[in-house]
Structures are given as C-alpha cells and as structure tokens.
Amino acid sequence: IYKNDDTGFTNWALGAVTEAGLTPEFVATDVTMTAVVGDGSVSPVELLVLPLAPVVQVIHDDSTGEFRVETNVTLESLALYSVAGIFTGAPAEQLTGPSDVDTDNQLVKQDSRGFREFSFGNVAPAGLGSEFVTSDITISGTLLGGQAIEQISFDVIPDAGVTKFTYDSTSGDVTVRSNVDLVSLEIASARSIFRGNAALNLNGPLDIDSDELIAKYDSDGFRTVRLGSIAIPGLTESFVRSDLTINGTRVGGGGLGQLTIDVVRVLLPSAFVNYDAATGEVSVGSNVPLESIELVSASGIFTGAASESLTGEQDVDTDNRIFKYDWQGIYFVDLGPVAQDGLTHDFVMSDLNAQVVRIGGESLDFGEVLYQPDLRRTFVTYNRETGELSVDTPHVLNSLTITSASGIFTGEPAQNLGGPQDVDTDTQIVKYDAAGFSQISFGNVAATDWSFAAFAADVSITGTRATGSPLENITLQVFPGGTYLIYNAGTGDVTVESDPPMTTLEIVSASGSFLVANCQGMLPPFEACTSTKYFLLRTSGVSSIYAGAILPVGLTREFLLQDLRIQGSVLPSGGLPPIQIVVIAPPVPAVVIEWEAMAATNGRRRFKATDETTDAAIEQTDVWSPIDRTIGRLASLRKQRSTSSYVA
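Residue numbers for the sequence shown follow the numbering used here, so the first one is 34 and each next one is one higher.
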C-alpha cells in the first residue's frame, strides 16, 4: 500500500484493509511501514495494534456427525484427536494441503496463509452422544504466526432424534420406533440371536433377515417397524446391550439419534434335569438359552450309550461327568440313554449335581430333578390248568421271590433253579442270578384250579433289579381266567384283566373318585378319563389294561362294589363278562407279637404286640383264633383302616 501527496498529510485512514484477528506479534513481523516527511527525510512509524481476544469454537452436530470451526481470528493450524477413532464417517472436507491429515483417529488442517471458519463435514457417525464425544475428543491449534491457541471451546449440538429398540424377553418380539424418518436400519447380533420366526415387514429388495443381521431399507422413510418374534426368548438386558450393534440413517442425513434399548417382560429363569427310569434317558432344559450344561455323578451313573448330542470340541461324556457347551445358546438338549436305568428318585437326587450357565455367563440354580418313573410292568402268569408259573419282565433282575401264604407250590419241582441261593419250597420260590435274567418259567410248580381272586390274595412277589432298585409295577395274570378289576389299596393302582380280550372298557365312579392326573394309556379323542368316567377303546383286543393310580388309596372292596359300574365288550363279540373286584391290601407293617396260651382248649389267646413303625403298644385279650397250622403264619397281622382292631 503506497500513498503520495505533494501537499502533505498528517492523518490517513486506510480502512479495514487487513484481516481481522491478527495478533500483535504476527503484525510486527509481517508488516513494514515507512514515511517521508516534507524535507525529504525518512521518519520512523510506530505501529500500534489494538488487541482482539481470540475466540475459537469447535462444534459437533450429533444428528449428522459434522465437525465445524467458528472463530474471530485467523488460524494457522487446527488438530482434532479421537481416542476411540470416531472419524469413520464421510471423508473430511477442505483437507487438501500437503500437511493435512484425515484418519479415523486424527483430523489436521494446516495453512501458513491462514484460515478461518470452515467445516470438516460429516466425518463421524451420528448419534454418538454428547457425553461420549466430549470425553473422546482432544483439540489443539495455533494462530496465524504460530502462537498456540490457549483456549478452544468444544460444543456438541445434541441430536433431537430418539430411536427406541424394544425386546420382549418372554416372546422374543422386537419393535423399533423412532421420532425421525429413517431410510435404513441395521441390527447386528454377535451371537446370532435372530433364530426365532421369520421377520415381519421386511419386504424391500435390499432387506435382510438372517440369524446375524436384520436390515431394512426404504428411501421413502419409516419411523416404526414391528419385526415380530425374530429373537430367541429369555435374554437379559445386559446381554442384549452387549450383543447387539444398531445403526441407521435418516432422511436428509444423520443417524438414529439417541438410541435406547428396553427389555420388557423379563422371564424368571428356571432349569430342569429330566431322568427317565425306564430307559436311562437324560435331558436338560430351560426357559432361557443356556451356554453350558454340566452334570456330575458321584457314583458314575453315566454308563449307558454315548450321547449323540455331545459333539462339540469342549463337550465331555464320561461315566462321572457330562458337559455341553453352545456359544449361541440352547434351550433343550436330549442326551439320550446315557445313564443307568431303574435308579430311584431319591438316589438320583442325592447322586446328581447339575450346574448350568445361561448365555452371557450368569449361573442358574437347579430345582428338583424331574423323575419319570419306570411304568413298564412285570407280568407273573399262573396257568390254572397246568399250574405253570412264569415271569416276563422288561428289566434285568438279580433276584425274584414268590411267596405263597398257604403253600400252593406243591406241584412239580421248580425249573431253572439250582443256584446256591435259590429256594424251592411249598411256600416260597426264590431265583437269584448275579448275571441277571428277564424271562423265566418255573414249570408246573403250583397247585391247579385256583381262581384269580384266590391266587392274587395268596401270592406276594418281590424282586431286585440289576441296578439295585426294587422291582415294581407287578401284574398278576391267570389263564384261562375271567374278568377282574384289581385295585391296590396301598398305591391306588387299577388293573383290569380279562379272558377273552377286551375291545372296550368303561368304568364309572358314582362318587367321582377318579384322579384324572394319574390316568394312563389315553388316546384322545375317542378315549377319555374324567373324575367320573374311564373309557378305553382297543379294537384289536387286549387282555390287560393298566389304568394307572386313578383311585385314592385305602378304599375297601365294599365301597368299590357300591361305587363302580363296569361294562365293555370283548372279542370276537359280546359284552364284558361279570367282573370280580380284587383288593390287594397295602404292605403289612412290622409287628412284634408275644402270644400267651391260656389253659382253655377253645383256642382263646391273649397277645401283646408293638407296632415297630410307630412304637405304639397294642394289647388285646380274649382273642379268638382257631388252633391250626395258620397259627404259625402271623405275618398277616394288620390294622384295618376302618377300625381300631387288629386281625390275624
């Protein structure tokens, strides 16, 4: 700038010819001024700079991801550093200089000529949140001339957009709602939780529905999308937050805004172990997804078949330990017949220790082991014409004892005996074999022509399975025979035996005594079990029907005769023959008896007894008991349920 005036001048206002905001230091080094006075001599010029407080402000718009700079001074450099590397959006604008930098972690603009207000553009994802961005970003810079900027303000314009992700833990239902128009939505799962139903409302050509990713794209915009039950149920809020990555863009640019994740109807977790005593099958299940399952047996009961469900690298299948791992989570695993069969409920509960971890790492407590009793029946068959006695059982037995109260085993010597512990007398047959047996005929050992009722009342049967548990669910059969309803007063079990075979059976209880939950063998809709009626249809004919423990315990034969009405049909045709009701008494309590013979010969006796189950003393005098061979068989002493008397 040069001014010349021959007449001279003393003041000169040049106006705003320089950039504003220059520092005194920069001006002093950058500007040279000279003046010539009237006599032609050079006069010094003093440069006075009126200082301006520098204001440098970096602004981040969270709705778009933009970073821009506003300032009242001229800058030479400005650098933004991100610890988390958030500069993953669009390429930075106005960074064209040789010293400029544009990476995920750093933005640097440098110009020796100076620069003022400018924008980096939408260099970061939208919706990061002001709290996160302010803690993540570090800013530094220099004024034109190299002086460091002492104070740089950083402001975040919060995103007015709000997007809510809602997961229903009970159903697996997912819904996304936003207060801004979205053009894209992407929900990614690290553990592939979208294994539920097919997603709803994903009809676009670019939409995605997979186990790992749910994506919706619509250039017209959308605010609410109901995806349905796409996710597996039972997840916790902490797991959902850690597993999912949710992104999206809105119409006109910007992201989802403030993102919230809500988990509703959270399930109370439960887990169970199921053991089937008939087969040794073991299964584990839960209402929430499990990451690992561990079963430990103190005695090593897992000696059955190898499990086909344990094929993972971390899975374990030994006699003492079973371990199953699934990173994506499982609700149920059928391990198959891995355990010994025939174990009792008490033994399984005391022997087995189960531990499970739900997906995400939280351990769950187990409740009681679900025990499926072995309902397979053992048939003891008596042929009243030949006296043959045989046993057919689905179990492997170590011992079997058949006892006759009146000593009916007076036929031929028993077959298939001969072991050192075997017994063959008129009152008892005992078979013992450590190697095990399942089917056996003792030959024609019994007296002939006993009716079913008499045989059932006279004979008692016990046994031990190879597993060590007692033999249960024993059914007596008499051939040829009539029709019998057999009621076990100790368990409530009801069995109907018929010769000829039955095609239909209807039992009606006038008092409504049937326990519906215990009904066995129903094939709806033609068969039914209610509190008043049990109906079974078997067109091919059956000789034995086990109805289950459908009656209360302790009923008398007199009550059953009055309460039950029984009818049906048999092969090849015709109605059910007249039916006899047989009541099997409950187990006899152990009783210690002292007999004192009186001088009289009419058979009167006095006895004292102690019930060992209750330690209750019993004393009865003047008891009539004929003096015969039954005096030696006092094991049948029992207390009648309906009275207070004891009878032998």
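Each residue gets a CB set at the ideal place from its N, CA and C atoms; glycine is no exception.
Output the distance between the C-alpha atoms of residue 573 and residue 583, rounded to the nearest integer angstrom. For this step, residue 573 is matched to residue 540 along the sequence shown. For this step, residue 583 is matched to residue 550 along the sequence shown. Approximately 24 Å between the Cα atoms of the pair.
Counting Cβ pairs closer than 8 Å, one from the region 159–166 and one from the region 130–150, do we hit at least three? no
Residue 623 versus residue 542: straight-line alpha-carbon distance, rounded: Within the sequence shown, the letter at position 590 stands for residue 623. Within the sequence shown, the letter at position 509 stands for residue 542. Bear in mind that a pLDDT of 44 at residue 623, under 50, signals an unreliable position, so the model cannot answer this.
Own chain, CB closer than 6 Å to residue 117, minus 5 neighbours either side, in chain order: Counted from its first residue, the sequence shown places residue 117 at position 84. Same-chain partners within the cutoff: 169.
Can you tell me whether residue 315 sits near the ligand ATP, meaning its C-beta is under 7 Å from at least one heavy atom of the ligand? What this structure holds is no ligand at all, so the ligand ATP is not there to describe.
Nearest neighbour of residue 250, chosen from 262, 226 and 214 [CA to CA]: The count along the sequence shown starts at 1 and reaches residue 250 at position 217. Of the candidates 262, 226 and 214, the one whose C-alpha sits nearest the C-alpha of residue 250 is 214.
Pick helix, strand or coil for residue 53, following the three-state DSSP scheme. Stepping through the sequence shown from its first residue, residue 53 is reached at position 20. Correct three-state label for residue 53: coil.
Go to residue 591, then tell me how far its alpha helix (DSSP H) extends in each direction, as first and last residue. Mapped onto the sequence shown, residue 591 falls at position 558. Run containing residue 591: 590–596, per the alpha helix (DSSP H) assignment.
DSSP beta-bridge partners of residue 293: Counted from its first residue, the sequence shown places residue 293 at position 260. DSSP output for residue 293 lists 197 as bridge partner(s).
In or out: residue 291 buried (at least 16 other Cβ within 10 Å) or exposed? Residue numbering aside, residue 291 sits at position 258 when the sequence shown is read from its first letter. So residue 291 counts as buried.
Cα-Cα separation, residue 600 to residue 531: Position 567 of the sequence shown, counted from the start, is the residue given in the question as residue 600. Position 498 of the sequence shown, counted from the start, is the residue given in the question as residue 531. Cα to Cα, residue 600 sits roughly 12 Å from residue 531.
Reference residue 156; option with closest CA among 387, 100 and 38: The sequence position of residue 156 within the sequence shown is 123, counting from 1. Considering only alpha carbons, the answer is 100.
Would you mind stating whether residue 480 and residue 515 have Cβ atoms separated by less than 8 Å? Against the sequence shown, residue 480 aligns to sequence position 447. Against the sequence shown, residue 515 aligns to sequence position 482. In this structure, residue 515 does not lie closer than 8 Å to residue 480 by Cβ.
Counting only beta-carbon atoms, is residue 388 nearer than 8 Å to chain D? No chain D appears in this structure, which consists of one protein chain only.
Taking the continuous alpha helix (DSSP H) assigned at residue 402, which residues delimit it? Here residue 402 is taken as the residue at index 369 of the sequence shown, counted from 1. Where residue 402 is concerned, there is no enclosing alpha helix (DSSP H), given that its DSSP letter is neither H nor E.
At what residue ranges does the region 237–322 contain a whole run of the beta strand (DSSP E), taking only runs of 3 or more? 246–261, 277–283, 291–297 and 304–309
Looking at the secondary structure, which residues open and close the beta strand (DSSP E) in which residue 133 lies? The count along the sequence shown starts at 1 and reaches residue 133 at position 100. No beta strand (DSSP E) holds residue 133; DSSP gives it neither H nor E.
Beta carbon of residue 485 nearer than 8 Å to that of residue 403: Taking the first residue of the sequence shown as position 1, residue 485 is located at position 452. Taking the first residue of the sequence shown as position 1, residue 403 is located at position 370. Cβ atoms of residue 485 and residue 403: not closer than 8 Å.
Coarse secondary structure for residue 356, derived from DSSP in three states: Reading the sequence shown from its first residue, position 323 is the one you call residue 356. Of the three classes helix, strand and coil, the one that applies to residue 356 here is strand, per DSSP.
Go ahead and pull the three-state DSSP assignment for residue 62. Residue 62 sits at position 29 when you count from the first residue of the sequence shown. Helix, per DSSP.
Would you mind working out which of 510, 105, 581 and 385 sits nearest residue 372, comparing C-alpha positions? Reading the sequence shown from its first residue, position 339 is the one you call residue 372. With distances taken between Cα atoms, residue 372 lies closest to 385.
Would you check if the region 198–214 and the region 257–268 touch, i.e. whether three or more CB-CB distances between them fall below 8 Å? yes
Please work out which residues of its chain come closer than 6 Å, Cβ to Cβ, to residue 208, disregarding the five sequence neighbours upstream and downstream, and give them in chain order. By 1-based counting over the sequence shown, the position of residue 208 is 175. Excluding sequence neighbours, residue 208 sits near 199 and 259.
Buried or exposed (CB count within 10 angstroms, at least 16 for buried), residue 331: Stepping through the sequence shown from its first residue, residue 331 is reached at position 298. Under this definition residue 331 is an exposed residue.
Got a sec, what are the start and stop residues for the alpha helix (DSSP H) residue 487 sits in? Here residue 487 refers to the residue found at position 454 of the sequence shown. Per DSSP, residue 487 belongs to the alpha helix (DSSP H) from 485–491.
Could you check which residue in 340, 390 and 177 has the C-alpha nearest to that of residue 61? Locating residue 61 in the sequence shown gives position 28, where the first residue counts as 1. The candidate whose alpha carbon is nearest that of residue 61 is 177.
Give the secondary structure of residue 497 by DSSP, where H, G and I count as helix, E and B as strand, and everything else as coil. By one-based count along the sequence shown, residue 497 stands at place 464. Strand, per DSSP.
Neighbour-count burial assignment, residue 535, 16 or more Cβ in a 10 Å radius: Numbered from its first residue, the sequence shown carries residue 535 at position 502. The residue is buried, with at least 16 neighbouring Cβ atoms inside 10 Å.
Note down, in chain order, each residue of its chain lying with its Cβ closer than 6 Å to the Cβ of residue 289, except the 5 sequence neighbours on either side. Counting from 1 along the sequence shown, the entry for residue 289 is found at position 256. Once the five neighbours on either side are set aside, the close Cβ partners of residue 289 are 160, 196 and 281.
Restricting to Cα atoms, I'd like to know which of 350, 320, 377 and 351 is closest to residue 364. Counting from one through the sequence shown, the residue named residue 364 turns up at place 331. Closest option to residue 364, Cα to Cα, is 320.
Burial state of residue 500, where buried means 16 or more other Cβ atoms lie within 10 Å: In the sequence shown, counting from the first residue as 1, residue 500 sits at position 467. The residue in question, residue 500, is buried, as its Cβ has 16 or more Cβ neighbours within 10 Å.
Below 6 Å CB to CB, which residues in the same chain sit around residue 433 once its five sequence neighbours on both sides are set aside? Taking the first residue of the sequence shown as position 1, residue 433 is located at position 400. Correct list, in chain order: 464 and 496.
Does DSSP put residue 110 in a helix, in a strand, or in coil? Position 77 of the sequence shown holds residue 110. In this structure, residue 110 counts as strand in the three-state DSSP scheme.
Since residue 604 contacts residue 533 with CB under 8 Å, what's their CB separation in whole angstroms? For the purposes of this step, residue 604 is taken as the residue at position 571 of the sequence shown. For the purposes of this step, residue 533 is taken as the residue at position 500 of the sequence shown. That belief holds up - the Cβ atoms of residue 604 and residue 533 are roughly 5 Å apart, short of 8 Å.
Own chain residues within Cβ distance below 8 Å of residue 139, not counting five before or after: Here the question's residue 139 lines up with position 106 in the sequence shown. Within the same chain, residue 139 has close Cβ partners 112, 113, 114, 115 and 120.
Where does the unbroken alpha helix (DSSP H) through residue 167 begin, and where does it stop? By 1-based counting over the sequence shown, the position of residue 167 is 134. Counting along the chain, the alpha helix (DSSP H) containing residue 167 begins and ends at 163–169.
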